[in-house]
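The structure appears below as structure tokens.
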Amino acid sequence: MIEFDNNIPVYIQILNFLKEKIVKRDLKEGDKMPSVRELAKELKVNPNTVQRAYKDLESSNIIFTKRGMGSFVTEDKLKINDLREDLAKEIILEFSTRMKNMGFNKEEMIEVINSFVEGD
60 MIEFDNNIPV
70 YIQILNFLKE
80 KIVKRDLKEG
90 DKMPSVRELA
100 KELKVNPNTV
110 QRAYKDLESS
120 NIIFTKRGMG
130 SFVTEDKLKI
140 NDLREDLAKE
150 IILEFSTRMK
160 NMGFNKEEMI
170 EVINSFVEGD
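Numbering of the sequence shown is given in our numbering, commencing with residue 60 and proceeding in unit increments.
Set out below in structure tokens:
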């Protein structure tokens, strides 16, 4: 499930976990989200922590709540595609920052990426 990193707030890790599940289509457009209590129990965290992640997802219009029915993944495919691109940019930013810190230039980074992708 999730191996929590003590250096990152738990709700952010849950938020990222859920975003990735949506982008990977483990949770598809219109799917019902696990209840806050279910997910909290599964992840062994306080329900308030999960609720905070859900609140962030809802404020970003990635999920929506139907009163008395629960939370659901947005049906807006463009929103999910934007989320996918945003997550990719975050990964690339982290990668490029770390590579620059190790002295790699742009061409060397592209070479590393190409050799990695070609090795798949």
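All C-beta atoms, glycine included, are put in the ideal place defined by N, C-alpha and C.
- Val109: member of the alpha helix (DSSP H) spanning 106-118, first to last residue.
- Non-local beta-carbon contacts of Glu88 in its own chain, meaning distances under 7 Å to residues more than five positions away in sequence, involve Val132, Thr133, Glu134, Lys136, Ile139 in chain order.
- Taking all protein chains in view, the Cβ of Lys148 is surrounded by fewer than 16 other Cβ atoms within 10 Å, so the residue is classified as exposed.
- In terms of Cα proximity to Ser119, the closest of Lys83, Glu170, Leu77 is Leu77.
- Within the model, the alpha-carbon separation for Ile121 versus Gly178 is close to 34 Å.
- In the three-state DSSP reduction, Ile122 falls in the strand class (E or B).
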